[in-house]
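Before any comments, here is the structure.
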Amino acid sequence: MVDAAPRKRVVLAPSKDAFYKPPSGFEKQKPGAILRTRSLPPDSLAAFSALPQNLKNVYQILYRTTDALGQPDATVTTLMVPHNANASRLVSYQVMMDSPSPDCSPSHVLQKGDGLKGLITQAELLFMDTLLERGWYVNTADYEGSKAAFAAGTMAGQALLDAIRAVLASGSQTKIKANADVQLWGYSGGALASGWAAQLQPTYAPELKIIGTAMGGTPVNLNATLNAVNKTPLTGFVMSGINGLANSNPDLAAYIDTIIRPNKKKAFYKAKDLCLTGLLLNYAFQDMNSYVTRPDYTNAPIAKKVLEANIMGRTDTPTIPLFMYHAKHDQAVPYAPAADLYSHWCKGGATIQFVKDDLSEHVILFITGAANAIMYLEDRFKGIAPHAGCSARTTITSLLDPGALRVFSRTVLDALVGLLGLPLGPL
Numbered sequence: 001m002v003d004a005a006p007r008k009r010v011v012l013a014p015s016k017d018a019f020y021k022p023p024s025g026f027e028k029q030k031p032g033a034i035l036r037t038r039s040l041p042p043d044s045l046a047a048f049s050a051l052p053q054n055l056k057n058v059y060q061i062l063y064r065t066t067d068a069l070g071q072p073d074a075t076v077t078t079l080m081v082p083h084n085a086n087a088s089r090l091v092s093y094q095v096m097m098d099s100p101s102p103d104c105s106p107s108h109v110l111q112k113g114d115g116l117k118g119l120i121t122q123a124e125l126l127f128m129d130t131l132l133e134r135g136w137y138v139n140t141a142d143y144e145g146s147k148a149a150f151a152a153g154t155m156a157g158q159a160l161l162d163a164i165r166a167v168l169a170s171g172s173q174t175k176i177k178a179n180a181d182v183q184l185w186g187y188s189g190g191a192l193a194s195g196w197a198a199q200l201q202p203t204y205a206p207e208l209k210i211i212g213t214a215m216g217g218t219p220v221n222l223n224a225t226l227n228a229v230n231k232t233p234l235t236g237f238v239m240s241g242i243n244g245l246a247n248s249n250p251d252l253a254a255y256i257d258t259i260i261r262p263n264k265k266k267a268f269y270k271a272k273d274l275c276l277t278g279l280l281l282n283y284a285f286q287d288m289n290s291y292v293t294r295p296d297y298t299n300a301p302i303a304k305k306v307l308e309a310n311i312m313g314r315t316d317t318p319t320i321p322l323f324m325y326h327a328k329h330d331q332a333v334p335y336a337p338a339a340d341l342y343s344h345w346c347k348g349g350a351t352i353q354f355v356k357d358d359l360s361e362h363v364i365l366f367i368t369g370a371a372n373a374i375m376y377l378e379d380r381f382k383g384i385a386p387h388a389g390c391s392a393r394t395t396i397t398s399l400l401d402p403g404a405l406r407v408f409s410r411t412v413l414d415a416l417v418g419l420l421g422l423p424l425g426p427l
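Quick note on numbering: the numbering used here labels position 202 of the sequence shown as 202, and the sequence is numbered without any gaps.
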């Protein structure tokens, strides 16, 4: 089913947009099945809501997926097609949505005129610009699903894999090749989705041939992150993560509701209406313990069950070649669990390049580590095979690695192309 976009578009939130509502009987479709598509105007996506990107085409696909409890769900992915696109290359870029609100999904907040509530996601569009300038198709999925189950790893991984299935099946409309080379890239919350997709792919979507994945600042263990960011400028991640996991599991939601202090419920559940920027501003320096009636709230059986189920590395070892990068002094997503994940996957036979950054912290590495990630994607598309097995190295700063300054400079120039509204894509 194809819906034509109206000439005068009104950007509706997912909670109010009928496009996001799956048709009756969608549950019977296979995971990855296309349920509905629409073509948006080529200038419909905008950096910071006001600076439209000049693309050849923009498509949105509602597709069937599977949630964290194994139940059918439907969510949306957005496919960007640059000018002079190479239909045999696709990068799925996972944004840092990090919100328990469906209305903060990238399919919505990336659209022109939506305001700045999705500021961080909108900024990530500038990294997508450098991929588009290379002629690559770029996909970004609403991988948290229809309920915005932030931090639910199984949901994120399965929704991402099903988005790729849907995109590769969309060639009659989007012109992408069904056998296109596919790669993944994500940082922080986007790395959560990418990592879970990588480890679930051998069993959930074994037919997908993904040739590489770049993932940085990877949240391996949510409990470690909750402890690291509580009472800091990043406390919003605590409220977001707990509400997101509650969205994925009714039993956890019921438990959480019993331990939130009555006079704190309104403030706590406000997180369900906020995107990442609002979450960080609203909850900065607060103490989650002041919201609950028991300080050991994560030790209840249902809480332990859900948190342990969402530790990355408990399922299959990825067969996709991986590039991991992490700040050794990451104040938001602790380094040690990522290093342990690297060792665990390597013992299982994975192929991983791991860069440990000495100088950066979480936010800085998001920027400075991008060049290495892009070079990794470039090499895979060029057919340069990664060395089998694992290798790890420490760098003072990723920005000074060989070739990084050149690629980073190009990334800045490509972002300017996007900001100025010039055609995105190779000449």
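Backbone N, C-alpha and C define an ideal beta-carbon position, used for all residues, glycine too.
- Distance check between aspartate 43 and each of Ala246, Leu377 and Asn54 places Asn54 closest, using alpha-carbon atoms only.
- Annotated three-state conformation of histidine 326 is strand, per DSSP.
- Looking at the backbone, the Cα of threonine 75 and that of isoleucine 34 are separated by about 10 angstroms.
- In this chain, the beta strand (DSSP E) harbouring asparagine 139 covers 136 to 141.
- Within the model, the alpha-carbon separation for threonine 235 versus methionine 375 is close to 33 angstroms.
- For asparagine 263 and serine 391, the gap between their C-alpha atoms comes out near 51 angstroms.
- Burial is judged here by how many other beta carbons sit within 10 angstroms of a residue's own beta carbon; glutamine 94 has at least 16 and is buried.
- Approximately 15 angstroms separates the beta-carbon atoms of glycine 369 and serine 409; this is outside 8 angstroms, ruling out the contact.
- Just so you know, the alpha carbons of proline 295 and asparagine 289 end up roughly 6 angstroms apart.
- For proline 334, same chain residues with a beta-carbon under 6 angstroms away, outside a window of 5 residues either side, are Ala224 and Ala228 in chain order.
- By the criterion of a C-beta distance shorter than 7 angstroms, alanine 197 is surrounded in its chain by Gly157, Leu160, Leu161 and Leu184, once the five residues flanking it on both sides are discounted.
- In the DSSP annotation of this structure, the continuous segment of the beta strand (DSSP E) that includes tyrosine 93 starts and ends at 86 to 94.
- With contact defined as three or more Cβ pairs closer than 8 angstroms, the region 268 to 277 and the region 310 to 321 are not in contact.
- Membership of glycine 278 in the alpha helix (DSSP H) is indicated by the continuous run 276 to 283.
- Of all alpha-carbon atoms in Gly425, Glu133, His362 and Met97, the one lying nearest the alpha-carbon of alanine 151 is that of Met97.
- Burial check for proline 102: the Cβ neighbour count within 10 Å reaches 16 or more, so the residue is buried.
- Note that the C-beta distance between alanine 123 and phenylalanine 48 is below 9 angstroms.
- Where proline 334 is concerned, there is no enclosing beta strand (DSSP E), because DSSP gives it neither an H nor an E.
- Following the DSSP letters along the chain, one finds arginine 38 inside the beta strand (DSSP E) bounded by residues 34 to 40.
- Assignment of leucine 359 by DSSP, reduced to helix, strand and coil, places it in the coil class.
- According to the DSSP assignment, asparagine 57 belongs to the beta strand (DSSP E) that extends over 57 to 66.
- By the neighbour-count criterion, in which 16 or more other beta carbons inside 10 Å mark a residue as buried, phenylalanine 285 falls on the exposed side.
- Cβ neighbours of alanine 191 within its own chain (closer than 8 angstroms, five residues either side excluded): Gln94, Met215, Gly216, Gly217, Thr218 and Pro219.
- The shortest CA-to-CA distance from tyrosine 63 to any of Thr130, Leu377, Gly118 and Ser170 is the one to Ser170.
- Look at the region 147 to 203 and you find these whole runs of alpha helix (DSSP H), each 4 residues long or longer: 153 to 168 and 171 to 174.
- Listed in chain order, the non-local C-beta contacts of leucine 279 below 8 angstroms within the same chain comprise Asp98, Ser99, Gly236, Phe237, Met239, Ser240 and Ala271, local neighbours out to five positions each way being set aside.
- If you look at proline 106, you'll find it in the alpha helix (DSSP H) that goes 106 to 109.
- Going by beta carbons, isoleucine 352 and methionine 324 fall inside the 9 angstroms limit.
- Taking 9 angstroms as the cut-off, the Cβ atoms of threonine 140 and threonine 77 count as close.
- For isoleucine 311 and alanine 68, the gap between their C-alpha atoms comes out near 13 angstroms.
- CA-CA distance, threonine 121 to aspartate 114, rounds to 12 angstroms.
- About 5 angstroms separates the CB atoms of tryptophan 136 and arginine 89; that is less than 8 angstroms, so the two are in contact.
- Counting along the chain, no alpha helix (DSSP H) covers alanine 271, and no H or E run does either.
- Between glutamate 133 and valine 417, the beta carbon gap of about 6 angstroms places them in contact (Cβ cut-off 8 angstroms).
- Non-local C-beta neighbours of phenylalanine 354 in its own chain, meaning closer than 6 angstroms and more than five positions away in sequence, comprise Met324, Tyr342 and Ala392, ordered along the chain.
- Measuring C-alpha to C-alpha distances from histidine 108 to each of Val81, Thr232, Asn86 and Asp142 identifies Asp142 as the nearest.
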